[in-house]
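Below you'll find the structure, written out as structure tokens, and then a few comments.
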Amino acid sequence: MTPGMIHIPTLETERLTLRAPAARDLDPFAAFFASPENTQYLGGSKTKPETWRYLGEVIGHWAMRGFGRWIVCRKGSDTPVGLVGLHEPLDWPETEVGWYIWDGKGEGFATEAGAAARAWAYTTLGLTTLVSIITPGNSASIRVAEKMGATRAPDWDHPRHGALLVYRHPGPGGRI
Amino acid sequence: MTAHTTISALTNAIPVLETERFVMRGYTDADIEPFAAFYAGERSHFVGGPMSRELACRALMTYAGHWHVRGYGRWMVEDKATGAILGNVGLWYPEGWPEPEIGWTLFDGAEGRGVALETAMASRDYAFNVLQWDTAISLVDPRNTRSAHLSQRMGAVHDGRFAHERYGTMDIWRHPIPAEVEA
């Protein structure tokens, strides 16, 4: 990749748009991460300055890796309902597909956006598998992984967060 | 597998600056390891470290993303002669900062050759001439005498202190205004 180049495609699914995260997303993002309840399984709450840095990280991930996470909106709306996509900081076990949904829980948005991100990873990046890494007890997220056809793999011991559940996704042909 | 369609894309690039001896360029995945190596070491304690490789990588991603949130940011500094990655220098204004600053971080072995001075001056020129800033500061840990000295060499003067929620107290060094720099 050209150093400093960023390229974030916009994807559409049946009900959702997955678009580049931007400065205007800070307030809804910060509101979500300020809540200890929302972030119980996501490493705990963040202050607004911390969330700003995290938003920058999510965008910068695209510049460094050529893939990353998208802001998810209902089609026809620019209001973020979540953050879904691909994630691989240094020393991560492998490329992860992950999902945070803060508006419209229970409507299947995580599954729909997660499947789009996974399909994009397979068709555009040529990846052949992905994992989802989930904090024990996060039953809503485990349900999404299972609905996507992912199955339990050996746990991963994170240096700060301890043992995390790993779910392995079926590959491009539906193979586990 | 849910169908999806790619309907458009955001594409953006970080400008490349050249000084006499260095190239200042945007971020790439080749920068992650040198950045993590710096943040594993004791020299990083003035700039939020030491920290784990994962957290250093995430911090570097924030530097890259800063450009797309603010429209400006820092650059990775490369030695023109050798291609060696020497540090991370430029403009930085995260949420919670008192105002935009000019900052510099040099990796191990890059000190003592005027790298920070040359690239920080280029950053300041960019801020004043391209971005039309009318003032600039540098925030420096009070124990970081080398950086305080560099601020002074750039003509900056001590202008109070700033207390950050996580990083503690930092000295504010106020740079000369653009007209004084040109004179």
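Chains L and H, in that order, are what the protein sequence lines are. First residue of the first sequence: 1, per this note's numbering; consecutive thereafter. First residue of the second sequence: 177, per this note's numbering; consecutive thereafter. Beta carbons are placed, not taken as given, at the ideal position from N, Cα and C, and that holds for glycine. Only a predicted model underlies this, so the values are computations on that prediction, with no experimental measurement involved.
Membership of W92/L in any alpha helix (DSSP H) is not indicated, and neither H nor E is assigned to it by DSSP. Interface flag for G60/L against chain H is set, since a Cβ pair is found closer than 8 Å.
In this structure, the beta-carbon distance from A20/L to L186/H falls below 8 Å. Contact annotation for A240/H against chain L: G60, A63, M64 [CB-CB distance below 7 Å, chain order]. At least 8 Å separates the CB of T39/L from every CB of chain H. Minimum Cα-Cα distance from N188/H among the listed residues W62/L, Y54/L, E37/L, S139/L corresponds to W62/L. In the three-state reduction of the DSSP assignment, P36/L falls in the coil class.
Burial state of A312/H is buried, judged by a 10 Å Cβ sphere holding 16 or more other Cβ atoms. According to the DSSP assignment, S327/H belongs to the alpha helix (DSSP H) that extends over 321-329.
Less than 8 Å separates the beta-carbon of T128/L from that of G171/L.
Each of T111/L, D25/L, E146/L, R168/L was checked against the Cα of W156/L, and the nearest Cα belongs to R168/L.
In the displayed model, S314/H falls within a strand according to three-state DSSP.
Contact holds between the stretch 303-317 of chain H and the stretch 273-291 of chain H, because three or more Cβ pairs, one in each stretch, are under 8 Å apart. Restricting attention to V333/H, Q328/H, L326/H, V316/H, the CA atom closest to the CA of T345/H is found in V316/H.
Identification of chain L residues near A303/H by a Cβ-Cβ cut-off of 9 Å yields none; the smallest Cβ-Cβ distance measures about 17 Å. Here S132/L is buried. Its C-beta has 16 or more other C-beta atoms within 10 Å. In this structure, P270/H sits near W52/L, with a CB-CB distance shorter than 8 Å. Distance from the CA atom of G108/L to the CA atom of W120/L, rounded to whole angstroms, is 18 Å.
Judged by their CB atoms, A113/L and T13/L are nearer to each other than the 8 Å cut-off. R143/L: member of the alpha helix (DSSP H) spanning 139-147, first to last residue. By the 16-neighbour rule on beta-carbons within 10 angstroms, A292/H is buried. For I6/L, at least one C-beta of chain H is nearer than 8 Å to its own C-beta. Out of E194/H, S220/H, E209/H, T295/H, the CA that lies nearest to the CA of R319/H is found in S220/H. Per the C-alpha coordinates, the member of G266/H, T281/H, M330/H positioned closest to F214/H is T281/H. Pairwise C-beta distances place the stretch 230-248 of chain H out of contact with the stretch 70-82 of chain L, as fewer than three of them are shorter than 8 Å.
Taking the C-beta atoms as reference points, R15/L is found nearer than 8 Å to K75/L.
The criterion of a C-beta distance shorter than 8 Å is satisfied by Y203/H and M64/L.
Its Cα nearest to that of R246/H, the residue G56/L stands out among G66/L, P80/L, G56/L, L125/L. Between T47/L and I183/H, the alpha-carbon positions lie close to 34 Å from each other. The beta carbon of K256/H lies closer than 8 Å to those of E194, R197, F198, V199 in the same chain, with the five residues before and after it left out. Around R229/H, the same chain offers A212 as residues with beta carbons nearer than 6 Å, after the five sequence neighbours per side are excluded. Residues of chain H whose Cβ lies closer than 7 Å to the Cβ of R53/L are, in chain order, T238, P270. Burial state of A116/L is buried, judged by a 10 Å Cβ sphere holding 16 or more other Cβ atoms.
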